[in-house]
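First residue of the sequence shown: 2, per my numbering; consecutive thereafter. One structure is given here, and the rest of the page talks about it.
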Amino acid sequence: MARLTLPEIDHPVFDCQLDIRISDINYGGHLGNDAALRLAHEVRLRFLQSLDCTEMDVYGAGIIISDAAVIYRNEAFHGDTLAFSLGITDFSRCGCDFIYQARRLSDNAAILHIKTGIVFFDYQQRKATPVPTAFAAQFRQQQEGVAT
Numbered sequence: 002m003a004r005l006t007l008p009e010i011d012h013p014v015f016d017c018q019l020d021i022r023i024s025d026i027n028y029g030g031h032l033g034n035d036a037a038l039r040l041a042h043e044v045r046l047r048f049l050q051s052l053d054c055t056e057m058d059v060y061g062a063g064i065i066i067s068d069a070a071v072i073y074r075n076e077a078f079h080g081d082t083l084a085f086s087l088g089i090t091d092f093s094r095c096g097c098d099f100i101y102q103a104r105r106l107s108d109n110a111a112i113l114h115i116k117t118g119i120v121f122f123d124y125q126q127r128k129a130t131p132v133p134t135a136f137a138a139q140f141r142q143q144q145e146g147v148a149t
């Protein structure tokens with residue numbers, strides 16, 4: 002069976018730490034698959050807040066998630082603290098990909114590698130809209146490794 006691959010983050014644009022809560026644990030006693038996307042959502046919200054943005058207003062446009070992929074590298078358990086890095090890649094006319102990598106702080110073990118496809122969206126017109134110029138200018142340069 003072919004395995005999913007995701008790009009590595011060459012130039013993180015945001016880092017944060019999240020604790021694994023009991024509600025993130027499944028019947029197997031480890032991080033549940035449903036919790037992985039909730040953790041990515043929290044990282045995304047914190048990143049947008051660092052820009053003084055929200056999912057409904059990223060430099061004038063909302064966002065929606067068009068697709069998601071999750072790769073599990075190791076188990077994580079209740080009480081673990083994960084260090085997340087967020088990178089932005091694969092810009093298109095109306096979107097880009099957010100790439101998340103998580104490592105456990107206690108032993109630096111790779112835990113998660115996640116991608117969410119981001120589409121910029123006009124919620125009033127209910128349709129995709131171009132990537133906001135300010136967002137593209139800032140993060141296309143960082144994606145290429147050029148300081149802003």
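Just so it is clear, CB atoms sit at the ideal spot from N, CA and C, and this is done for glycine as well. Since this is a predicted model, take the numbers as computed values, not measurements.
- The C-beta distance from I72 to L7 rounds to 6 angstroms, short enough to meet the 8 angstroms contact threshold.
- Counting along the chain, the unbroken beta strand (DSSP E) around F122 starts and ends at A111 to D123.
- Under the rule that a run must span 3 or more residues, the beta strand (DSSP E) segments found entirely inside the stretch 29 to 82 read 63 to 73.
- Nearest in C-alpha terms to F15, of all of T82, A37, A103 and I119, is A103.
- When Cβ pairs closer than 8 angstroms are counted between the two stretches, the stretch 32 to 40 is seen not to touch the stretch 118 to 130, the count staying below three.
- Around the beta-carbon of L106, fewer than 16 other beta-carbon atoms lie within 10 Å, marking it exposed.
- Y101 counts as buried, since no fewer than 16 other beta carbons sit within 10 angstroms of its beta carbon.
- In this chain, D108 is not harboured by any beta strand (DSSP E), its DSSP state being neither H nor E.
- Going by DSSP, D20 is part of the beta strand (DSSP E) stretching over F15 to D20.
- CA-CA distance, P13 to A129, rounds to 26 angstroms.
- Between the alpha carbons of R94 and R39 lies a gap of roughly 27 angstroms.
- Secondary structure at T134: helix, using DSSP grouped into helix, strand and coil.
- Partner residues in the beta bridge of C97, as assigned by DSSP, are I119.
- Listed as beta-bridge partners of F85 by DSSP are C17 and A103.
- DSSP, read as helix, strand or coil, puts I23 in helix.
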